[in-house]
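Quick note: the first sequence, position 108, residue 458 per our numbering, numbers continuous. Ideal Cβ positions, reconstructed from N, Cα and C, are used throughout, including at glycine. Every value quoted in this text rests on a predicted model; they were computed, and no experiment measured them. Take a look at the structure below.
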Amino acid sequence: MSDRAPVTVLWFRRDLRLADHPALVAAAASAERVVALFVDDERLRRPSGAPRVVFLDGCLDALDADLDGRLVRRTGDPVDVIPAVAREVGATVVHASEDFGPYGRARDDAVGRALATVDAELRLSGSPYAVAPGTVLNQSGQPFKVFTPFSKAWVRLASRRHPVGVPEVTWVDGLASTRPSAVELGSGVDLPAAGERAAHDRLDAFLEEAVDDYGGQRDLPAVDGTSRLSPHLKFGTVHPRQVLDRLAAGRVGHDKFRSELAWREFYADVLFHRPDTVRRAFNPKMAAMRVDAGPDADARFAAWCEGRTGYPFVDAGMRQLVAEAWMHNRVRMVVASFLVKDLHVDWTRGAAFFLEHLADGDLASNQHGWQWVAGTGTDAAPYFRVFNPVAQGRRFDPEGDYVRRWVPELAGLPGAAVHEPWALPAGAPEGYPDRVADHAAERAEALRRYDEIR
DNA sequence: TTTTGAGTTGTTCGA
DNA sequence: GTCGAACAACTCAAA
């Protein structure tokens, strides 16, 4: 009773795995043979973001290896490439996972229309989330605007889904590929291993070594106490459903980590309902906040980008970002607060810099993480919560190991003294920059500016 | 409809 | 040195 089509196309995007892949399951069920396709869309390579692109290429190489070399790569605009491939192989259905980002939604609408002109269609199954954005609603049928009630409703929905395995598939062989020109990483940039196997190795290691102490260790940047799954979740080499399935109920570290996954989904949901918040304040009242622009602000922004603000904890974070294409979450908050509240630079500039340098750079999590710190977002930090970069360093890097690892100029200083080198009897070591701003004064300035608009 | 309780991540100041 | 209060109201979710 085979009413299956002879061939279909599975268009991979941010789902670069074979296990627990709803669109692959749908494709395999619908056709005798499946074409594995990835489209190198130049727009996914902007803004520059070399580490993210190189990590993506690593994921694609790993996927291709898992497919015994049968991953077809084509460069170009998906609106042209997808219908062309469908015609080339005689497919009337193209399968893909649903993308809920602003660009992805517009692209998929356009591709769907283009496919219709060749009597084919785009069929979407699954998404990069345990619960698709737009489906978690309060009792009035509206999206949640604060995290805690969202997460309670989300957990109920998320816990219903369980991962599935790799289906039987006959992959189509022998189609030509085209490759984009290689992207060069800056020298000394060190990326984690990419691909589905690497993602699961990372998950296994986290579950074995760190998740039980997650609540106590996750805030210490000198400790390997976080999952480091973010780049893998970004490109779908592991799905959050697979992670959730391996967390136990009622264990502190597990619950805490589940809550971090809920944040990722909350922000995707917020962005789905408010795509304008990629660039604009979620809270329109906060859009009037006065920020600095011009040569002085540019100079302060450059010092921040280059990790030479004179505040060791901030500089360590920014240097880790550039070197590892990743920054510890605690430090992300501190450096973001410093840019926005001490240097008075618009949060969108910092968010753009993060996206350029992070391998895990995800639009929803990044923009809304920044909005939270800047106080412009959903459920944002209260205006008076201004992180003190020295106090944060002393509290979360009490031995100073994190700072010494990333700021070699301070490597000779003992213990927590690295957090305040200007206070040493001998002053800061030669070669370490002076502070670009005085925290106490700029904190007061930030509070004054808030007063102007409230 | 009204009411009530709650809301990621902090810092500073003064007793 | 430690500890609690102040820092602001306001919006959201649900009873």
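Out of the options, which one is the CA nearest neighbour of residue i?
i, options, result
"P590", "M636, V486 and A482", "A482"
"A767", "G781, G743 and A446", "G743"
"A773", "S715, D665, L671 and Y661", "Y661"
"L535", "V740, V672 and A560", "V672"
"R463", "V439, R578, D430 and V486", "D430"
"D551", "Y564, S537, G538 and S577", "S577"
"R457", "V468, A441, T442 and L474", "L474"
"A598", "D626, E558 and V516", "E558"
"C655", "A381, A787, F703 and V757", "F703"
"F663", "G750, D784, K691 and V695", "G750"
"V514", "F585, G765, L374 and P581", "L374"
"A508", "D595, F497 and Y782", "D595"
"A572", "A778, P748 and V359", "P748"
"D370", "Y479, R393, V439 and V740", "Y479"
"A618", "G657, R785, T358 and W504", "W504"
"Y782", "A796, E792, E759 and R798", "E759"
"A378", "E518, G484, R423 and F651", "E518"
"G524", "D418, P775 and Q670", "D418"
"K691", "Y800, L406 and P634", "Y800"
"S380", "R363, P356 and D390", "P356"
"F362", "T587, A787 and Q670", "T587"
"A470", "A441, L689 and W722", "A441"
"T698", "D788, M677 and W722", "W722"
"F607", "D788, R745, A526 and L553", "L553"
"P732", "L579, H678 and N633", "N633"
"T358", "L406, P645, P433 and F405", "P433"
"F651", "P625, A415, K635 and L693", "L693"
"G820", "A666, D427, D696 and R669", "Residue 820 lies beyond the stretch modelled for the chain, which goes from 351 to 804, so this question has no answer here."
"L611", "K502, E438 and D563", "K502"
"A724", "D788, F688 and L421", "F688"
How should residue i be labelled, buried or exposed, when 16 other C-beta atoms within 10 angstroms of its C-beta is the threshold for buried?
i, result
"H512", "exposed"
"W720", "buried"
"E448", "buried"
"L366", "buried"
"I803", "exposed"
"T528", "exposed"
"R640", "exposed"
"M351", "Low confidence applies to M351: its pLDDT is 48, below 50, so where it sits in the model is not reliable enough to give any reading."
"A790", "exposed"
"G765", "exposed"
"A794", "exposed"
"K584", "buried"
"S537", "exposed"
"E392", "exposed"
"P771", "buried"
"A649", "exposed"
"E674", "buried"
"R680", "buried"
"L797", "exposed"
"E615", "buried"
"P739", "buried"
"S531", "exposed"
"N716", "buried"
"A549", "buried"
"P581", "buried"
Can you tell me the Cβ-Cβ gap for residue i and residue j, rounded? I've got them flagged as a contact below 8 Å.
i, j, result
"T728", "V620", "5 Å"
"M683", "F737", "7 Å"
"V468", "A436", "6 Å"
"V486", "F500", "6 Å"
"H445", "L360", "5 Å"
"W613", "F450", "Actually they do not touch by this definition, with Cβ atoms about 16 Å apart."
"F556", "L541", "In fact, because the Cβ distance is near 18 Å, the residues do not count as touching under 8 Å."
### Query
Using 8 Å as the threshold, is the segment 400–410 in touch with the segment 702–714, meaning 3 or more CB pairs across them?
In short, these stretches touch, since the Cβ pair count reaches three.
### Task
Jot down the residue ranges of each uninterrupted alpha helix (DSSP H) in the segment 480–563, minimum 4 residues, whole runs only, in chain order.
Fully enclosed alpha helix (DSSP H) runs of 4 or longer: 497–508 and 546–559.
#### Entry: the segment 410–427 touching the segment 542–549, judged by at least three CB pairs closer than 8 Å
The segment 410–427 is in contact with the segment 542–549.
### Task
Write down every uninterrupted run of the alpha helix (DSSP H) in the segment 645–707 whose length is 4 residues or greater and which is fully enclosed by it, in chain order.
Runs found: 645–655, 662–674, 679–687 and 697–707.
### Task
May I have a chain-ordered list of the alpha helix (DSSP H) segments no shorter than 4 residues that lie completely inside the segment 766–796?
For the segment 766–796, not a single whole alpha helix (DSSP H) run of length 4 or above is found.
### Message
Quick test of the definition: if touching needs 3 or more C-beta pairs under 8 Å, does the segment 488–495 touch the segment 375–390?
### Response
Too few Cβ pairs lie closer than 8 Å, so no.
### Query
What residue ranges within the segment 583–620 form continuous beta strand (DSSP E) runs of no fewer than 3 residues, ordered along the chain?
Counting only runs of 3 or more, we get nothing.
### Touching by the beta-carbon criterion (3+ pairs, under 8 Å), the segment 559–570 and the segment 600–612
When C-beta atoms of the segment 559–570 are compared with those of the segment 600–612, three or more pairs fall below 8 Å, so the two segments count as touching.
### Message
Please give me, in chain order, every unbroken run of the beta strand (DSSP E) with length at least 3 that falls completely inside the segment 356–400.
### Response
The segment 356–400 contains these whole beta strand (DSSP E) runs: 381–390.
### Query
What are the start and end residues of each continuous alpha helix (DSSP H) run of 4 or more residues lying completely inside the segment 407–449, in chain order?
Taken in chain order, the complete alpha helix (DSSP H) segments of 4 residues or longer contained in the segment 407–449 are 428–439.
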